[in-house]
Every structure is written in structure tokens, then in C-alpha cells.
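Below: the structure, in C-alpha cells.
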Amino acid sequence: MIPRLITLVGRWEDGWLPHRVEYFMWKQLKAAFCVDRLVMVGKSNDPRVPIDQYNSMGEALDTCEGEIVLIEPKGLVSLEDFDHPVSVTYAFGNAMNHNLQHKGVTVRINTPSDTDMFAINAAAIVLASRL
Numbered sequence: 154m155i156p157r158l159i160t161l162v163g164r165w166e167d168g169w170l171p172h173r174v175e176y177f178m179w180k181q182l183k184a185a186f187c188v189d190r191l192v193m194v195g196k197s198n199d200p201r202v203p204i205d206q207y208n209s210m211g212e213a214l215d216t217c218e219g220e221i222v223l224i225e226p227k228g229l230v231s232l233e234d235f236d237h238p239v240s241v242t243y244a245f246g247n248a249m250n251h252n253l254q255h256k257g258v259t260v261r262i263n264t265p266s267d268t269d270m271f272a273i274n275a276a277a278i279v280l281a282s283r284l
């Protein structure tokens, strides 16, 4: 049996939120959905942000386990039709950068209007759909 391991990889929303505030939002989501690991792309110099941080999405994903699932606005598979792997790394861009450029299945969240959403919101939707 494959052990359940859930990892979230996000990218700091630079210019929108202080890293400390964004970190606490991700940390709360991590706890609520029993996520095993949280990783961010970009570097926060805030010592109150104790999290694994990498310079690029590729570098971050190379440290992760499980099937890689890229959440993209134009993903090939609809979230409603997606079978979530037991062991998975969900990767999210940010409001200004969705081009994740890494191998993996691409999944989209269908919304009534064509708009970008913050990664933290997309992550909550994806994790709730696992239930």
C-alpha cells in the first residue's frame, strides 16, 4: 500500500501580501487538511517564516514525493473529473505567474468566469475536492 503523503508547493504572492501573513494562511490550510509538507518558491527573509523555500518551481518540485499535479487555469483535466493520487504534490503558481513549466498532469478549476485566483484559494478548493 502506498503511504498517503500530501505536499503543497506555492509561490509567494510578492507585492500582494507580507510573507508572514501569507505563510500563516498556508499554515492554517495545511493544518485543516492534514497536509504533510508545505514548500514555497521564492525567498522570504522573515525569520518568522520557518518553511522550505527554493528559487524555482523546478528546484522545489525536485525535492517532493508523489505524483506531481500542476494546478493551472488552462489545465488539461477538470478538477471535477480528476482522481486524486494517494501520494501527491500539488503545485500552484501565483496570481501573476501560472506558467509552472514542469512535468506533471495539469488540472484546472472550472469557474463561472474566466479569472485568476490566488493560489491559497485554489489550494483550498483542491484539498476540499479530495474529501
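For the sequence shown, our numbering assigns the number 154 to the initial residue and increments by one for each residue that follows.
For every residue, glycine included, the Cβ atom is placed at its ideal position computed from N, Cα and C.
The structure presented is a predicted model; accordingly, all values stated were derived computationally and were not measured.
Same chain, Cβ closer than 6 Å to residue i, neighbours up to 5 away in sequence not counted
i      : result
THR259 : LEU223, GLU225, GLY228, LEU229
PHE186 : LEU280
LEU232 : VAL260, ILE262, SER282
VAL188 : ILE159, LEU161
ASN198 : none
ALA213 : VAL162, VAL192, VAL194, TYR207
ASP205 : VAL192
Residues sharing a beta bridge with residue i, DSSP
i      : result
VAL162 : VAL192, ALA244
ILE221 : THR242
THR259 : LEU223
SER231 : ARG261
As assigned by DSSP and simplified to three states, the class of residue i
i      : result
LEU170 : coil
ARG283 : helix
ASP205 : strand
ASN198 : coil
PHE271 : coil
PHE186 : coil
Rounded distance between the beta-carbons of residue j and residue i, thought under 8 Å
i      : j      : result
THR160 : VAL202 : 17 Å between Cβ atoms; not a contact.
GLU220 : PRO238 : 4 Å
Sequence-distant residues of its chain with Cβ nearer than 8 Å to residue i (five each side left out)
i      : result
ARG164 : MET193, VAL194, GLY195, MET210, PHE245, GLY246, ASN247, ASN250, ALA272
Cut-off 7 Å between Cβ atoms - residues of its own chain near residue i, not counting five sequence neighbours on either side
i      : result
MET178 : ILE273
PRO156 : SER240
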